[in-house]
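>
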Amino acid sequence: MSLTDLAARLNAAAWPGAVLVVGLTGSVASGKTTLARALVEVLAPLRVETVSTDGFLLPNAVLAERGLSLRKGFPESYDVEGLSAALSAVRSGPAVFPGYSHVTYDIDLSLARTLETPDILLLEGLGLGGAELDLLIYLDAEEADLEAWFLERFMVFWRAAEHDPASFYAQFRTMDEPQAIQFAKGVWAGINLPNLRDHIAPLRERADVVVVKDAGHGLRIVRDPR
Numbered sequence: 418m419s420l421t422d423l424a425a426r427l428n429a430a431a432w433p434g435a436v437l438v439v440g441l442t443g444s445v446a447s448g449k450t451t452l453a454r455a456l457v458e459v460l461a462p463l464r465v466e467t468v469s470t471d472g473f474l475l476p477n478a479v480l481a482e483r484g485l486s487l488r489k490g491f492p493e494s495y496d497v498e499g500l501s502a503a504l505s506a507v508r509s510g511p512a513v514f515p516g517y518s519h520v521t522y523d524i525d526l527s528l529a530r531t532l533e534t535p536d537i538l539l540l541e542g543l544g545l546g547g548a549e550l551d552l553l554i555y556l557d558a559e560e561a562d563l564e565a566w567f568l569e570r571f572m573v574f575w576r577a578a579e580h581d582p583a584s585f586y587a588q589f590r591t592m593d594e595p596q597a598i599q600f601a602k603g604v605w606a607g608i609n610l611p612n613l614r615d616h617i618a619p620l621r622e623r624a625d626v627v628v629v630k631d632a633g634h635g636l637r638i639v640r641d642p643r
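Here the sequence shown is numbered in this note's numbering, starting from 418 and rising by one per residue.
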């Protein structure tokens, strides 16, 4: 499957004068952001905006206050009302979408964006279980591949934090590389994998389109009931 095939599916679902809200979900590190950005390129000349649900995570201070610091990414860690309000607003006029920094691992007010009614809004991320969507895409992959991609991403941030004391990952620089990898494996097994199995993967059966990504990052559509 080429990106063009998936873009054609979205193009066919879009209606002139209306905003098509498309959810794109899947495991942490599955490549949702990368896929969304690639779709923007092939959907031209349609006006397409892509935003992440990360901006609707509760701030770290709020998560800590509620005892949810180790539940970030789980359904209860999101501002569900804020997400619903933004999706409702963007269908008829300007809407503000908050931003999130993966470096500081927290909401970043400077990254907020105001969007005018696009033709297609690609909303990628977690926490989409209750969102009002016109179409849902699930990006699937083998658990072993997802873990490998998560470890790779973690180590990219870990290495970059060597010269960035403001980075969330700077606190892990006291570890050597093997220790950091082992720590990341623990995060995957203790947080991300349970979230995947209990809350993310069940959305696969509700998805309008299921796309499977292989170890080499190749994509294929396995369900499209069009």
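We put the CB at the ideal spot given by N, CA and C, even for glycine.
Scan the stretch 432 to 477 and note each continuous beta strand (DSSP E) run of 3 residues or more that stays entirely inside, going in chain order.
437 to 443, 465 to 469
> Check this for me: beta carbons of Val-513 and Val-436, under 8 Å apart or not?
no
> I'd like the list of long-range same chain contacts for Arg-623, defined as Cβ closer than 7 Å, with 5 residues on each side in sequence excluded.
Leu-553
> Measuring alpha carbon to alpha carbon, tell me which of Arg-483, Leu-456, Pro-433 ends up nearest Gly-440.
Of Arg-483, Leu-456, Pro-433, the residue nearest in Cα terms is Leu-456.
> Can you list the alpha helix (DSSP H) stretches of 4 or more residues lying completely in the stretch 477 to 535, in chain order?
477 to 482, 497 to 507
> Just curious, the beta strand (DSSP E) that Arg-623 is in, first and last residue?
Arg-623 -> no beta strand (DSSP E), and no H or E assigned at all.
> Work out the CA separation of Ala-478 and Ala-618 for me, nearest whole Å.
28 Å
> Leaving out the 5 sequence neighbours to the left and right, which residues in its chain are closer than 7 Å to Ala-597 when beta-carbon positions are compared?
Cβ neighbours of Ala-597 beyond the five flanking positions: Met-572, Trp-575, Phe-589.
> In angstroms with no decimal places, state the Cα-to-Cα distance between Phe-491 and Leu-463.
If I take the Cα positions, the gap works out to 33 Å.
> Taking the alpha carbon of Phe-585 as the point to measure from, which residue in Gly-443, Arg-637, Leu-543, Tyr-517 has its own alpha carbon closest?
In this structure, Tyr-517 is the residue among Gly-443, Arg-637, Leu-543, Tyr-517 with its C-alpha nearest to the C-alpha of Phe-585.
> Assuming Leu-452 and Leu-556 make a contact with CB atoms under 8 Å, what is their CB distance in whole Å?
6 Å
> Considering just the uninterrupted stretch of the alpha helix (DSSP H) at Ile-537, what are its terminal residues?
That residue, Ile-537, is in no alpha helix (DSSP H); its beta strand (DSSP E) goes 537 to 541.
> Touch check for the stretch 515 to 533 and the stretch 597 to 613: three-plus C-beta pairs under 8 Å?
no
> Below 8 Å CB to CB, which residues in the same chain sit around Leu-539 once its five sequence neighbours on both sides are set aside?
Val-439, Leu-441, Ala-453, Leu-456, Val-457, Val-465, Glu-466, Thr-467, Val-468
> Residues in the same chain with beta-carbon distance under 7 Å from Val-459, minus the five sequence neighbours each way, listed in chain order, please.
Leu-420, Thr-421, Ala-424
> Mind checking whether Leu-504 and Ser-494 have CB atoms under 8 Å apart?
no
> If you drop the 5 nearest sequence neighbours on each side, which residues of the same chain put their C-beta closer than 7 Å to that of Ala-431?
Leu-437, Leu-463, Asp-536, Ile-537
> Taking the CB atoms as reference points, tell me whether Val-626 and Arg-426 lie closer together than 8 Å.
yes
> Please look up how many angstroms separate the CB atoms of Arg-473 and Pro-515, rounded, as I've assumed it's under 8 Å.
It should be noted that the sequence gives Phe, not Arg, for residue 473. Right, the Cβ-Cβ distance comes to about 7 Å (below 8 Å), so this counts as a contact.
> Return the first residue and the last residue of the alpha helix (DSSP H) that Leu-545 is part of.
Careful: Leu-545 lies outside any alpha helix (DSSP H) and carries neither H nor E.
> Compute the beta-carbon to beta-carbon distance between Gly-546 and Leu-620, rounded to the nearest angstrom, for a pair I have assumed lies under 8 Å.
7 Å between Cβ atoms; contact.
> Here's the rule I'm using: 16 or more other beta-carbon atoms within 10 Å means buried, otherwise exposed. How should Ala-583 be labelled?
exposed
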